[in-house]
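Step one of this worksheet: look at the structure below.
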Amino acid sequence: MLRKQDRRADARRAIRHPPPPGPSPHPKLQLESAMRKSLIRPPLALGLALFSGWLAASPMTNLLGQLSQFDYQDYVGNLQAFGTRYFNTQGNVKATNYLADTLNSFGLSVRQDAFDYGGTRYNVEATLPGLVTPNQIFIIGAHFDSTSNDPQTNAPGADDNASGTAAMLEIASVLSQYQFASTIRFIGFNAEEQGLIGSNAYAAAAQVRGDTIVGMLNLDMIAYTAGLATQDLEVMGDKWLVDRFIADAATYVPGLLTQAWYGDYYGSDHYYFHSSRYPGSSSLFGIEDTATDIWSNSNPYYHKTTDTADRLDYGFAYKVTQASAATLADLAGLIPEPPIMLLLLPGLLLAARGRRVH
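Under UniProt numbering, the first residue of the sequence shown is numbered 1, with each subsequent residue one higher.
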């Protein structure tokens, strides 16, 4: 499923040659020649422009260019529209189904992962199988439940955590169009606000299955900046994974400020995938920061009915989404698309490139 359009070159340059010596061609022959050129040159010029543009951009740059800030914003609004996503409400059930339906629309293999917490609850998992080392798994996750001072009826949870969930969905929409060496799982975790219940259950079951989870990226509260230009993204967790994220962010999203924190931090769904709890796995946690202390809860609307979509900085969240997509694609081993093949026939140009088709 192709949701994004390739970029096209804006300018074309015509190459003119002086006429050969001798008498001018017959007017009728000149007209026929002009007609033939008008049939051949435009598609040829367009094809060469597309080919040149494809060569100029790296596969990663092409991938990141398909991420949409507008789609991201729509996902946040759709999640907020459920009113509340508190773990034991109908809004939570609707959000669960929304995630499953959305991920399924990308052509991914989707399942609702059941666990018990005051009844049956569900995480939502979507899988993009790897083609070279499919047993090696990389996860990008975000919790989709919410809470507030009125959780049963009004918990919009725009920043906490529609912002992270929207990033996961937008990344899934683009990466699902590509092929990777290793397997990628896109996961919406439930009941995080009750003490990381959903992610704990998921990680425990994955260990029992023997899943080889190499790395896990967790996005939680990534869109509030208070209008500060000094806003950065705190990236904390296992050192090698944090360093990889910061390096990819610097390469592909140089406008995003980041700060590294190494160690074993509680507070969100990365916790049970950390190397100290999941043998062979590493995890990181990305969260906005507008203060010097990472646990200062710098968003004043945190866990309140006023945590709404109109207070978010979508430009900042888009940069975080780009950096997360770049890191995930880098870790999982993005397989470059094969070169464009140009086939020229009289009056016709055909271009073909192999890719995943859903």
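All residues carry an ideal CB built from backbone N, CA and C; glycine is no exception.
Every value quoted in this text rests on a predicted model; they were computed, and no experiment measured them.
Here E125 carries a strand assignment [DSSP, helix/strand/coil]. Sorting P134, A166, Y75 and M216 by C-alpha distance to the C-alpha of S182 places P134 at the top.
Burial is judged here by how many other beta carbons sit within 10 angstroms of a residue's own beta carbon; F189 has at least 16 and is buried. For E234, the uninterrupted beta strand (DSSP E) run begins and ends at D232 to G237, by DSSP. Excluding residues up to 5 positions away in sequence, N135, Q136, I137 and G280 lie with their Cβ nearer than 8 Å to the Cβ of T212 in the same chain. For F70, the enclosing alpha helix (DSSP H) starts and ends at Q69 to Q80. Counting the other CB atoms within 10 Å of its CB gives P151 a total of 16 or more, which places it among the buried residues. Rounded to the nearest whole angstrom, the CA to CA distance from P336 to V76 is 31 Å.
For the stretch 193–244, the continuous alpha helix (DSSP H) assignments of 4+ residues that do not extend past its boundaries occur at 197–209, in sequence order. Around the beta carbon of G119, fewer than 16 other beta carbons lie within 10 angstroms, which makes this residue exposed. Counting only residues of its own chain and dropping the five nearest sequence neighbours on each side, G91 has a CB closer than 6 Å to the CB of F82, G83, T84 and R85. The C-beta separation of Q80 from A142 comes to about 15 Å, leaving the pair out of contact by the 8 Å criterion. Beta bridge pairing from DSSP links G130 with no other residue. For N135, the secondary structure class from DSSP, reduced to helix, strand or coil, is strand. If you ignore the 5 residues before and after G130, its C-beta comes within less than 6 Å of the C-beta of F180, A181, S182 and T183, all in its own chain and listed in chain order. V253 counts as buried, since at least 16 other C-beta atoms from the protein chains shown sit within 10 angstroms of its C-beta. Per the C-alpha coordinates, the member of T251, V320 and L312 positioned closest to S58 is T251.
Taking 9 Å as the cut-off, the beta carbon of L241 is found no closer than this to the beta carbon of V320. For A95, same chain residues with a beta-carbon under 7 Å away, outside a window of 5 residues either side, are L79, F82, R85 and F144 in chain order. By the C-beta density criterion, D248 is buried, having at least 16 other C-beta atoms within 10 angstroms. In the DSSP secondary-structure assignment, A114 is bridged to Y122. Of the other Cβ atoms in all chains shown, 16 or more fall within 10 Å of the Cβ of V174; this residue is therefore buried. Looking at the DSSP output, R185 shares a beta bridge with T127 and I139. Residue V235 holds the alpha-carbon nearest to the alpha-carbon of I222 among G215, V235, W261 and H274. As DSSP reads the structure, E288 sits in a beta bridge with L233. Excluding five sequence positions before and after Y272, the CB atoms of its chain that fall closer than 6 Å to its own CB belong to S199, N200 and A203, given in chain order.
Per DSSP, the continuous beta strand (DSSP E) segment holding A260 begins and ends at T258 to Y262. In the three-state scheme derived from DSSP, where H, G and I count as helix and E and B as strand, T61 is classed as helix. Contact check for G286 against S324 passes: the beta carbons are separated by less than 9 Å.
Looking at I140, E193 and R121, the one whose alpha-carbon comes closest to that of K304 is E193. If you check the CB distance, D220 and G164 come in under 9 Å.
When the beta-carbon positions are compared, A205 and A317 stay at least 9 Å from each other.
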